[in-house]
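Before any comments, here is the structure.
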Amino acid sequence: MTAFRPCIDLHQGQVKQIVGGSLNDSGAETNFVSSHNAAYYARLYQQQGLTGGHVIALGPNNQQQVLEALAAYPNGMQFGGGVNLENASSYLEAGASQIIVTSYLFENGDFSWSRLEKIKAEVGADKLVLDLSCRKTQNGWMIATDRWQTITNMQVNQRTIAELESHCAEFLIHAADVEGLQAGIDSDLVSLLGNCCTLPTTYAGGARSLADLDLVKSLSNGKVDLTIGSALDIFGGSGVTLEDCVRWNQQP
Numbered sequence: 003m004t005a006f007r008p009c010i011d012l013h014q015g016q017v018k019q020i021v022g023g024s025l026n027d028s029g030a031e032t033n034f035v036s037s038h039n040a041a042y043y044a045r046l047y048q049q050q051g052l053t054g055g056h057v058i059a060l061g062p063n064n065q066q067q068v069l070e071a072l073a074a075y076p077n078g079m080q081f082g083g084g085v086n087l088e089n090a091s092s093y094l095e096a097g098a099s100q101i102i103v104t105s106y107l108f109e110n111g112d113f114s115w116s117r118l119e120k121i122k123a124e125v126g127a128d129k130l131v132l133d134l135s136c137r138k139t140q141n142g143w144m145i146a147t148d149r150w151q152t153i154t155n156m157q158v159n160q161r162t163i164a165e166l167e168s169h170c171a172e173f174l175i176h177a178a179d180v181e182g183l184q185a186g187i188d189s190d191l192v193s194l195l196g197n198c199c200t201l202p203t204t205y206a207g208g209a210r211s212l213a214d215l216d217l218v219k220s221l222s223n224g225k226v227d228l229t230i231g232s233a234l235d236i237f238g239g240s241g242v243t244l245e246d247c248v249r250w251n252q253q254p
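First residue of the sequence shown? That's 3 in this note's numbering, and the numbers climb one at a time after it.
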């Protein structure tokens, strides 16, 4: 059944909430910069009994914050951001419950099945979350890599999801075009995921209130979870409180 899942987004060594579509090599449009470190949020989520959340490193200079967060909530959060064959196991050893992979799986915009097989053999499908974060084009939702800067030629659709499901434990999908805007979720994308996904799936992007949890539950028939970022009070937002989300998760 649909649940709220927490997140920690790191950019240049700080916990931030950014506008996803603005992220590039020179910076990003920022909604919020926290005075707390990543470990603070990890401990907060642990205290609230929140599971299945993720720590995402957006670009360089985040390693220390990542390791401190994973140590603060051992086996409590997934990690993604620059994960590849060489370092995947080290993040699991550092305390990640699972590793999230996107960019490593693409070479020059083409999906690499051999790379998927290699990293799956290294960590196990049960420890692998595939990030299908995407941007909408005239050809549909296309997976975007490299901090959502590079649009690949792989579409998020029923065929892609069906082909990938036997290789991982979960999917994570940021709708990069609405990420951080608090202008509402991409309802069509959530509906697609609800129709196609049989694995646990988390959607992020545009959520602005507690009502969006109800909407995602309805659109996906309870099959898709929701991450709320910029609208959340702990990230400077006024749309919804963490306490409300925890209470929503606890309802029958």
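Ideal placement from N, C-alpha and C gives every residue a C-beta, glycine not left out.
Roughly how far, in whole angstroms, is the beta-carbon of glycine 82 from the beta-carbon of isoleucine 58, given that I think they are within contact range, below 8 Å?
-> Numbered from 1 along the sequence shown, position 80 holds the residue referred to as residue 82. Numbered from 1 along the sequence shown, position 56 holds the residue referred to as residue 58. With 8 Å as the limit, glycine 82 and isoleucine 58 qualify as a contact, their Cβ atoms being about 5 Å apart.
Hey, leucine 130 and isoleucine 145: beta-carbon distance below 9 Å or not?
-> Start at 1 with the first residue of the sequence shown, and residue 130 comes out as number 128. Start at 1 with the first residue of the sequence shown, and residue 145 comes out as number 143. The criterion of a C-beta distance shorter than 9 Å is not satisfied by leucine 130 and isoleucine 145.
With distances taken Cα to Cα, identify the nearest neighbour of cysteine 136 among Ala164, Asn197, Gly207.
-> As a first step, residue 136 must be located in the sequence shown, where it is residue number 134. Comparing Cα positions, the closest option is Gly207.
Hey, could you find the ends of the alpha helix (DSSP H) arginine 45 is sitting in?
-> Counted from its first residue, the sequence shown places residue 45 at position 43. Arginine 45 -> alpha helix (DSSP H) spans 40 to 49.
Helix or strand or just coil, what does DSSP make of glycine 55?
-> To locate residue 55, count along the sequence shown from 1; it is residue 53. Reduced to three states, the DSSP call for glycine 55 is strand.
Cβ-Cβ separation, glycine 15 to glutamine 67 (assumed contact under 8 Å), whole Å | What you label residue 67 is simply residue 65 of the sequence shown in a count that begins at 1. What you label residue 15 is simply residue 13 of the sequence shown in a count that begins at 1. 6 Å between Cβ atoms; contact.
Are the stretch 152 to 166 and the stretch 195 to 210 touching by the rule of at least three beta carbon pairs closer than 8 Å?
-> Flag = yes, the stretch 152 to 166 and the stretch 195 to 210 touch.
For the stretch 59 to 104, which segments carrying the alpha helix (DSSP H) assignment without a break, of at least 4 residues, lie completely within its bounds, in sequence order?
-> Complete alpha helix (DSSP H) runs here, min 4: 65 to 74, 90 to 95.
Do you know whose CA, among Asn86, Leu46, Pro202, Pro76, lies nearest glutamate 167's CA?
-> Position 165 of the sequence shown, counted from the start, is the residue given in the question as residue 167. With distances taken between Cα atoms, glutamate 167 lies closest to Pro202.
Take threonine 104 and list the residues in its own chain whose beta-carbon comes closer than 6 Å to its own, dropping the five residues that flank it on each side.
-> Mapped onto the sequence shown, residue 104 falls at position 102. The answer, listed in chain order, is Asp133, Thr147.
Measure the beta-carbon distance from valine 1 to glutamine 50 and round it to whole angstroms, keeping in mind my assumption that it falls under 8 Å.
-> A question about residue 1 goes unanswered here, because the residues of the chain that appear run from 3 up to 254.
Serine 232: buried (16+ other C-beta within 10 angstroms of its C-beta) or exposed?
-> Mapped onto the sequence shown, residue 232 falls at position 230. By the 16-neighbour rule on beta-carbons within 10 angstroms, serine 232 is buried.
On the premise that phenylalanine 108 lies in contact with serine 114, defined as a C-beta separation below 8 Å, what is that separation, rounded to the nearest angstrom?
-> What you label residue 114 is simply residue 112 of the sequence shown in a count that begins at 1. What you label residue 108 is simply residue 106 of the sequence shown in a count that begins at 1. Indeed, because the Cβ distance is near 7 Å, the residues count as touching under 8 Å.
Quick one: measure Cβ to Cβ for lysine 312 and phenylalanine 34, integer angstroms, because I've assumed they're closer than 8 Å.
-> Here the chain has residues from 3 to 254 only, and residue 312 is not among them.
Which residues share a DSSP beta bridge with arginine 7?
-> Taking the sequence shown and counting its residues from 1, the one referred to as residue 7 is at position 5. Among the bridge pairs identified by DSSP, arginine 7 is matched with Thr229.
When we look at the beta-carbon of valine 184 and count the other beta-carbons within 10 Å, is it buried (16 or more) or exposed?
-> As a position in the sequence shown, residue 184 is number 182, starting the count at 1. Just to set this straight, residue 184 is glutamine in the shown sequence, not valine. Its Cβ being crowded by 16 or more others within 10 Å, glutamine 184 is buried.
Which residues bound the alpha helix (DSSP H) around tryptophan 250?
-> Within the sequence shown, residue 250 is the residue found at index 248, counting from 1. Residues 244 to 252.
With a cut-off of 8 Å on the beta carbons, I'd call leucine 125 and serine 91 a contact; round off their distance for me.
-> Locating residue 125 in the sequence shown gives position 123, counting from the first residue. Locating residue 91 in the sequence shown gives position 89, counting from the first residue. Sequence inspection shows valine at residue 125; the leucine mentioned does not correspond to that position. That pair is a contact at about 6 Å.
Around the C-beta of aspartate 188, are 16 or more other C-beta atoms found within 10 angstroms, so that it is buried, or is it exposed?
-> Taking the sequence shown and counting its residues from 1, one reaches residue 188 at position 186. Counting other Cβ atoms within 10 Å of its Cβ, aspartate 188 reaches 16 or more and is therefore classed as buried.
Let me know the secondary structure DSSP gives isoleucine 236 once reduced to three states.
-> As a position in the sequence shown, residue 236 is number 234, starting the count at 1. Assignment of isoleucine 236 by DSSP, reduced to helix, strand and coil, places it in the helix class.
With a Cβ-Cβ cutoff of 9 Å, do lysine 225 and threonine 4 count as a contact?
-> Taking the sequence shown and counting its residues from 1, one reaches residue 225 at position 223. Taking the sequence shown and counting its residues from 1, one reaches residue 4 at position 2. In this structure, lysine 225 sits near threonine 4, with a CB-CB distance shorter than 9 Å.
In angstroms, rounded to a whole number, what distance separates the CA positions of tyrosine 75 and valine 180?
-> Counting from 1 along the sequence shown, the entry for residue 75 is found at position 73. Counting from 1 along the sequence shown, the entry for residue 180 is found at position 178. Taken atom to atom, the span from the alpha-carbon of tyrosine 75 to that of valine 180 is near 29 Å.
Check whether the Cβ atoms of proline 8 and tyrosine 43 lie closer than 9 Å to each other.
-> Along the sequence shown, one-based indexing puts residue 8 at 6. Along the sequence shown, one-based indexing puts residue 43 at 41. For proline 8 and tyrosine 43, yes; Cβs fall inside 9 Å.
Backbone CA spacing between phenylalanine 237 and asparagine 141 [nearest angstrom] = Within the sequence shown, the letter at position 235 stands for residue 237. Within the sequence shown, the letter at position 139 stands for residue 141. Straight-line measurement puts the Cα of asparagine 141 at about 34 Å from the Cα of phenylalanine 237.
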